[in-house]
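See below for the structure under consideration.
There are 2 protein chains.
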Amino acid sequence: MTEKIKQNATYYIDGIAKKDRIIFSKAITIIESTNEHDKLLADEIMQACILNPHRAKRIAISGVPGAGKSTFINAFGKLLVENNHNIAVLAIDPSSSISKGSILGDKTRMDDLVNHEKVFIRPTATGGNLGGIAQKTRETILLCEAFGFDYILVETVGVGQSETLVKNMVDLFVLLLLPNAGDELQGIKRGIMEMADVILINKAEKEHEIAAKTTAAQVKNALHLLAHHENGWLPQVQLISSTEETGLDKTKEIIDSYFLKMETTDFISTNRKNQDLFWFESAILDELQHAFFHNTSIQKIKEELAIKIKNNEINAVHAAKFLVDKFLEN
Amino acid sequence: MTEKIKQNATYYIDGIAKKDRIIFSKAITIIESTNEHDKLLADEIMQACILNPHRAKRIAISGVPGAGKSTFINAFGKLLVENNHNIAVLAIDPSSSISKGSILGDKTRMDDLVNHEKVFIRPTATGGNLGGIAQKTRETILLCEAFGFDYILVETVGVGQSETLVKNMVDLFVLLLLPNAGDELQGIKRGIMEMADVILINKAEKEHEIAAKTTAAQVKNALHLLAHHENGWLPQVQLISSTEETGLDKTKEIIDSYFLKMETTDFISTNRKNQDLFWFESAILDELQHAFFHNTSIQKIKEELAIKIKNNEINAVHAAKFLVDKFLEN
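If you read the protein sequences in the order shown, they are chains S and U. In case it helps, this note's numbering puts the first sequence at residues 1 to 330. In case it helps, this note's numbering puts the second sequence at residues 1 to 330.
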């Protein structure tokens, strides 16, 4: 069994090393699978990936719905491929536009990237909780890195729990804002502003120039109130227009200078080690749940307790404590 | 010990029955506490609460940042107290404006409710994961109900995981939209639209009337594409202005007719039973984690594995599996 799995894993590991796109895509499917055999296989593949020395620039693209994340990724991605880089575009949230989860978001805003030979686009893994989905996205990043991509862009919706998750899988966090600071800033959580290394005021076309500049000034003010980044980086604010393709070169310069500095200080390596520990914690919870929900005698007691809860005989938290105690006694 | 706790619990249970605001507030603090003694006490208090026959109207107020949730709660809450109702205002997300978590949201938008004798406002519990915070919000709802509030309004940010959580603690889900459908609808997840029982197009003042009507039409169209509610309720769309206080009476009528129908069909009782089961599942996970992280010998092995992860000797998921197996062997 184990020998067989090792052999199978070799097929994927070799395929990725030979830059075989089809095998690479299949490997991601293995990573995303919940099948027990696939999980063992994924484990072997991932074990090989962590030994890979190639390092991509891992970048999160965040912002509230409507901020223009996909259009930005399209424009910025185009710039990157013109500079001869290979890029992978992933998403962490099933509602992201690249995952086509939104009601009206069915037409792609990544026309210039779809089917481009230097570009790989993969929608979010589905099924399971956000933590589980994120863990798979993180493993997909490691696979993409092993495959040799230069940039890995991870799209995420800028409001909610997914930010902390995505922050823990990238080297650089980009936040997109619209040129209407008042409402926008009120809604953006302090925590998300604090995460951002680069803040782009998007849709800063001629007709929104004043609003965009006002927003930029307000953001700079807000940044002063926030804690400084431990890595010494001062978050940069830049006006851009994804549709008119302005400010993108400057954005690339900012991003390049970030990576130059952070590689010099070894921040990226240290940060990635800490991130691995974060994912260790997350995986522990997944494994605990898995063990619990696959214990049939416990599931039987659980059903009995559920009836008592429905009859208002016992409150949910109390019942849960009783059940977990039983599980750990066995 | 147990006898002592029962005695202490009686103090809170009696205080709540006597509508003592100070004891009631203290009871919420006990619910929110992570102290082991407080947890046992909370358990007793909650056990008494589930026997309480009084039923409040539990309503979620959701919407993206900037949609005007707090201003709506202020205006609608004012209408409710004018109608002689007692209301409690809670929040599930630490970033909500009532929790003052946002950067510029420090000035309250609930001027008419703060310090009103018929109104109780409580910011989100902090600390722990979103699931844990939500569990405490849910228990606070049960306490508020036992205290005798007629309406319990729960504010939540309309993008992210907190929606599923809040949906599972209320009877009715209100979604606030801005009169700029295009961008807005694209960003709103299909899932959140499907949750909504009442959709309010906010900020529909004279100058935004055309945009508001267009949005309403688009929302109605979108609703046709979605699955029908199992309870037979057809989601209603209403234009309102929280600042000019228009459309609020109509909103109250819609909400009242919802409760009338849903109480007749017994949907609310059935729904609450299912919700209790959801919170049972959630509490199980919390208890599992608690047991795991308080096992010292396991925490020691965990530290050793963390070092291996940092040295790239083992991948995080593999290490987690090994550790959980060890935990369950003991």
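Virtual Cβ for every residue (Gly too), placed ideally from N, Cα, C.
Proximity of residue i and residue j at Cβ, strictly below 8 Å
{"i": "H54/S", "j": "Y151/S", "result": "no"}
{"i": "G232/S", "j": "I240/S", "result": "no"}
{"i": "S282/U", "j": "G131/U", "result": "yes"}
{"i": "A91/S", "j": "N202/S", "result": "no"}
{"i": "I45/S", "j": "V154/S", "result": "no"}
{"i": "F120/U", "j": "A56/U", "result": "no"}
{"i": "A227/U", "j": "E194/U", "result": "yes"}
{"i": "F147/U", "j": "L288/S", "result": "no"}
{"i": "P179/U", "j": "A212/U", "result": "yes"}
{"i": "L143/U", "j": "I28/U", "result": "yes"}
{"i": "L51/S", "j": "N311/U", "result": "no"}
{"i": "D171/S", "j": "N274/S", "result": "no"}
{"i": "H318/S", "j": "D20/U", "result": "no"}
{"i": "V81/S", "j": "K118/S", "result": "yes"}
Residue i - partner residues in DSSP beta bridges
{"i": "Y151/S", "result": "K57/S, I87/S"}
{"i": "V119/S", "result": "I87/S"}
{"i": "G63/S", "result": "V157/S"}
{"i": "V324/S", "result": "BP columns for V324/S are empty, so no partner."}
{"i": "F173/U", "result": "A60/U"}
Alpha-carbon to alpha-carbon, residue j and residue i
{"i": "M262/U", "j": "E145/U", "result": "18 Å"}
{"i": "S102/U", "j": "C49/U", "result": "Interpretation of S102/U is limited by its pLDDT of 38, a score under 50 that renders its predicted location unreliable; the figure taken from the coordinates is listed afterwards. C-alpha separation (whole angstroms): 33 Å."}
{"i": "T296/S", "j": "K302/S", "result": "10 Å"}
{"i": "A306/U", "j": "R138/S", "result": "18 Å"}
{"i": "L165/S", "j": "F72/S", "result": "21 Å"}
{"i": "L223/S", "j": "H229/S", "result": "11 Å"}
{"i": "I13/U", "j": "T140/U", "result": "14 Å"}
{"i": "K107/U", "j": "V114/U", "result": "Low local confidence applies: a pLDDT of 43 at K107/U is under 50, so the model's placement there is unreliable, with the coordinate-based value given in what follows. Rounded to whole angstroms, K107/U to V114/U spans 12 Å at the Cα level."}
{"i": "K39/S", "j": "D256/S", "result": "36 Å"}
{"i": "S269/U", "j": "D276/U", "result": "11 Å"}
{"i": "Q218/U", "j": "L175/U", "result": "15 Å"}
{"i": "F24/S", "j": "D112/S", "result": "22 Å"}
{"i": "I31/S", "j": "L328/S", "result": "30 Å"}
{"i": "K321/U", "j": "E163/S", "result": "25 Å"}
{"i": "E209/S", "j": "N74/U", "result": "34 Å"}
{"i": "K136/S", "j": "N168/U", "result": "27 Å"}
{"i": "K69/U", "j": "T243/U", "result": "12 Å"}
{"i": "A316/U", "j": "E36/U", "result": "31 Å"}
{"i": "I337/U", "j": "D325/U", "result": "For residue 337/U there is no data in the structure shown, the boundaries of chain U being 1 and 330."}
{"i": "E205/S", "j": "E245/S", "result": "10 Å"}
{"i": "D266/S", "j": "L285/S", "result": "30 Å"}
{"i": "D361/U", "j": "A196/U", "result": "For chain U, the structure presents residues 1 to 330; residue 361/U sits outside this window and is missing."}
{"i": "T2/S", "j": "Q47/S", "result": "14 Å"}
{"i": "I87/S", "j": "G77/S", "result": "7 Å"}
{"i": "V198/S", "j": "W279/S", "result": "24 Å"}
{"i": "V64/U", "j": "F259/U", "result": "25 Å"}
{"i": "N83/S", "j": "K252/S", "result": "11 Å"}
{"i": "V89/S", "j": "H116/S", "result": "12 Å"}
{"i": "L16/U", "j": "A134/U", "result": "Before going further, note that residue 16/U is Ile rather than Leu in the sequence given. Cα to Cα, the separation comes out at about 22 Å."}
Residues that residue i contacts on chain S, provided the C-beta gap is smaller than 9 Å
{"i": "D20/U", "result": "What D20/U touches in chain S: nothing, since even the nearest Cβ is about 22 Å away."}
{"i": "D38/U", "result": "In chain order: nothing, as chain S lies at least about 13 Å away."}
Partner residues on chain S for residue i, Cβ-Cβ distance less than 7 Å
{"i": "L318/U", "result": "Leu is not the amino acid found at residue 318/U; the sequence shown has His there. Neighbours of H318/U on chain S, chain order: D43, Q47."}
{"i": "V341/U", "result": "Any answer about residue 341/U is impossible in this case: the structure gives chain U only from 1 up to 330."}
{"i": "L328/U", "result": "A291"}
{"i": "N315/U", "result": "M46, Q47, I50"}
{"i": "K321/U", "result": "E287"}
Any non-hydrogen atom of the ligand PLP closer than 7 Å to residue i Cβ
{"i": "L113/S", "result": "Ligands in the displayed structure: none, and consequently the ligand PLP is not present."}
Contact set between residue i and chain U, taken where Cβ atoms lie within less than 9 Å
{"i": "N312/S", "result": "I50, L51, K273, D276"}
Chain U contact residues for residue i, given Cβ-Cβ distances below 7 Å
{"i": "I309/S", "result": "D276, L277, F280"}
{"i": "L130/S", "result": "Q161"}
Residues that residue i contacts on chain U, provided the C-beta gap is smaller than 8 Å
{"i": "L248/S", "result": "Residues of chain U passing the Cβ test: none, with the nearest at roughly 22 Å."}
{"i": "A306/S", "result": "L277, F280"}
Contact list for residue i against chain S, beta-carbon separation under 8 Å
{"i": "P123/U", "result": "Neighbours of P123/U on chain S: none; closest Cβ ~14 Å, over 8 Å."}
Quick check on the DSSP output: what are the complete alpha helix (DSSP H) runs of length 4 or more inside the segment 233 to 315 of chain U, in order along the chain? Runs of the alpha helix (DSSP H) spanning 4 or more residues and lying entirely within the segment 233 to 315 of chain U occur at 248 to 264, 267 to 293, 296 to 310, in chain order.
Residue ranges of each alpha helix (DSSP H) run of no fewer than 4 residues wholly in the segment 20 to 56 of chain U, ordered along the chain? Every unbroken stretch of the alpha helix (DSSP H) spanning 4 or more residues and falling wholly within the segment 20 to 56 of chain U is given here in chain order: 21 to 32, 36 to 49.
Uninterrupted beta strand (DSSP E) stretches inside the segment 194 to 229 of chain U (no shorter than 3 residues): List check, beta strand (DSSP E) in window: 198 to 201.
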